[in-house]
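Residue numbers (our numbering), protein chains in the order written: chain A, 2 to 83; chain B, 4 to 79.
Working notes for the structure below.
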């Protein structure tokens, strides 16, 4: 458990996340976090899992390629495992 | 014919599909973000600066991805 300080920065109230929290939660620059107060009055920060933004054409191409080349991909994965 | 270039999300989705893992795990498997971005930029650069055709553009992307290894090897 780490203690962090609440700061005023201009008109905003800011808290800096400890690095171990960032690492454990696997947060990346630009990720969305939902913030709320739970029934016990705790501040909850929850990472929002967004679906990747891919065009339908791209998504179809990816699925088709993976399906058509499944045997090759499995062979390559097998090779990695050795 | 309009060429559609894969972006970071597309690369992650392709990795997830190829490795048969969820999309979130693909993000974890990404070791070198800069190298992924630079590999993804190659085909467009080749088109702009070398007048590369579609095959050559695809080859530059393939080259960038395989020589830079932005993803970690299979953990399986």
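Glycine included, every Cβ here is placed at the ideal spot set by N, Cα and C.
Length of the line joining the Cα atoms of residue i and residue j
i: residue 46 (chain A); j: residue 57 (chain B); result: 45 angstroms
i: residue 67 (chain B); j: residue 44 (chain A); result: 43 angstroms
i: residue 40 (chain B); j: residue 13 (chain B); result: 12 angstroms
i: residue 4 (chain B); j: residue 54 (chain B); result: 15 angstroms
i: residue 63 (chain A); j: residue 65 (chain B); result: 15 angstroms
i: residue 16 (chain A); j: residue 36 (chain B); result: 26 angstroms
i: residue 75 (chain A); j: residue 71 (chain B); result: 21 angstroms
i: residue 37 (chain A); j: residue 11 (chain A); result: 22 angstroms
i: residue 30 (chain A); j: residue 20 (chain A); result: 13 angstroms
i: residue 88 (chain A); j: residue 58 (chain A); result: In the structure displayed, chain A extends from 2 to 83; residue 88 (chain A) sits before or after that span and is not available.
Test item: CB-CB of residue i and residue j under 8 angstroms
i: residue 43 (chain B); j: residue 10 (chain B); result: yes
i: residue 21 (chain B); j: residue 67 (chain A); result: yes
i: residue 28 (chain A); j: residue 48 (chain A); result: yes
i: residue 45 (chain B); j: residue 63 (chain B); result: yes
Contact belief for residue i with residue j at Cβ below 8 angstroms, rounded distance in angstroms
i: residue 38 (chain B); j: residue 73 (chain B); result: 5 angstroms
i: residue 8 (chain B); j: residue 47 (chain B); result: 6 angstroms
i: residue 53 (chain A); j: residue 16 (chain B); result: 5 angstroms
Of the residues the options, the one placed nearest residue i, counting alpha carbons only
i: residue 18 (chain A); options: A:36, A:9 and A:5; result: A:5
i: residue 26 (chain B); options: A:55, A:2, A:82 and A:73; result: A:55
i: residue 22 (chain A); options: A:82, A:3, A:69 and A:76; result: A:3
Near the ligand GTP: residue i beta-carbon under 7 angstroms from a heavy atom
i: residue 54 (chain A); result: You won't find the ligand GTP in this model; it holds no ligand whatsoever.
Beta-carbon proximity list for residue i, same chain, < 7 angstroms, skipping 5 on both sides
i: residue 35 (chain A); result: 47 and 49
i: residue 118 (chain A); result: Beyond the ends of chain A as shown, which are 2 and 83, falls residue 118 (chain A); an answer cannot be given.
i: residue 18 (chain B); result: 29, 32 and 74
Sequence-distant residues of the same chain with beta carbon closer than 6 angstroms to residue i, five excluded per side
i: residue 75 (chain B); result: 32 and 34
Beta-carbon proximity list for residue i, same chain, < 8 angstroms, skipping 5 on both sides
i: residue 39 (chain A); result: 45
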